[in-house]
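Note that UniProt numbering numbers the sequence shown so that position 179 is 179, with each residue one more than the last. Some notes on the structure that comes next.
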Amino acid sequence: MTQDTTVCLAELDAHTYAEWLGSGSRTVVVPVGALEQHGPHLPMGTDAILSTAIAEQVATLVGAKVAQPISYGYKSQQKSGGGDHLVGTTSLDAATLVGLTRCLVSSLLEQGVRHVVFLNGHYENYQFLYEGVDLAVRDAGLGAEDEACVLLLSYWDYVSQETLDEVYQGSFPGWDVEHGGVLETALMLHLRPESVWLDRAVDHPPAELPRFDRLPVQPGRTPASGCLSAPRGANAAQGKLLFDQVTADLAADLTAELGSAQAD
Ligand SMILES: [Zn+2]
């Protein structure tokens, strides 16, 4: 990968980056993940690995760049990630994630980035990213008429009904228990097969959790595996379908909303 073709800011020198900013191509995607247990068959960096891979493909499609990911996330919640009590789950508190997001937006905008896109891969992060963005946009005095803006999204919101039907064949358990399940396992099998240990994958029914949150967490409500649903049947072909569909639709949305990255 050369300076001309890489989409990763961390691999670019600052002068080439400045030239790129000056050329009118000014969309930077920030992948967001977590360091979080994902059961016995997936690595703890899964969320950042997936959001970064999706960001790199989308950036390639639209002519954007990808900033260093936020590799830690807000606390895992029992009903969406098994809980923050689980070994390996290493989290930020809300104020830290809000502050980090606010700093990144301010810094990127000050350098001349016109559009910042947060591409989230860890469910619990979303509202704190939103808050950090909102504060930074207020700090910058941006209004609706300004070209500069920030977009936020979680990648699973781009999975189409058609893809869901194809991947799950009618057995979709719901996004809330898709933790260490088919979606993440299939994507990892497509993108990083050397980091998936299917021989260690568990097979159990989706976790049944109450409609309320209870604190302190009752650890026994989380399946011992740490997975909220099983990765049963997950394969690389499903992962490719998910990846290709999500990145294509996301790239189309970014182009429609922000215009062609090459146009000034
Ligand atoms: Zn995850």
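We treat Cβ as the ideally placed atom computed from N, Cα and C, and that holds for glycine. Every value quoted in this text rests on a predicted model; they were computed, and no experiment measured them.
- Where residue 118 is concerned, the enclosing beta strand (DSSP E) starts and stops at 115-120.
- The alpha-carbon separation between residue 87 and residue 80 amounts to approximately 16 Å.
- Shortest gap from the CB of residue 185 to any heavy atom of ligand 1: 6 Å or more.
- Residue pairing of residue 151 in beta bridges, as defined by DSSP: 117.
- Taking a contact to require three or more Cβ pairs closer than 8 Å, the stretch 27-45 and the stretch 205-221 do not qualify as touching.
- With respect to the C-alpha of residue 51, the residue from 121, 162, 151 and 96 having the closest C-alpha is 121.
- Here residue 103 carries a helix assignment [DSSP, helix/strand/coil].
- In this model, residue 125 and residue 136 are separated by some 17 Å (Cα to Cα).
- Non-local C-beta neighbours of residue 173 in its own chain, meaning closer than 6 Å and more than five positions away in sequence, comprise 206 and 229, ordered along the chain.
- With respect to the C-alpha of residue 167, the residue from 199, 10 and 235 having the closest C-alpha is 235.
- A straight-line Cα-Cα distance of about 9 Å links residue 99 and residue 129.
- With fewer than 16 other beta carbons inside 10 angstroms of its own, residue 171 counts as exposed.
- With a cutoff of 6 Å, residue 84 does not count as near ligand 1, since its C-beta is closer than that to no heavy atom of the ligand.
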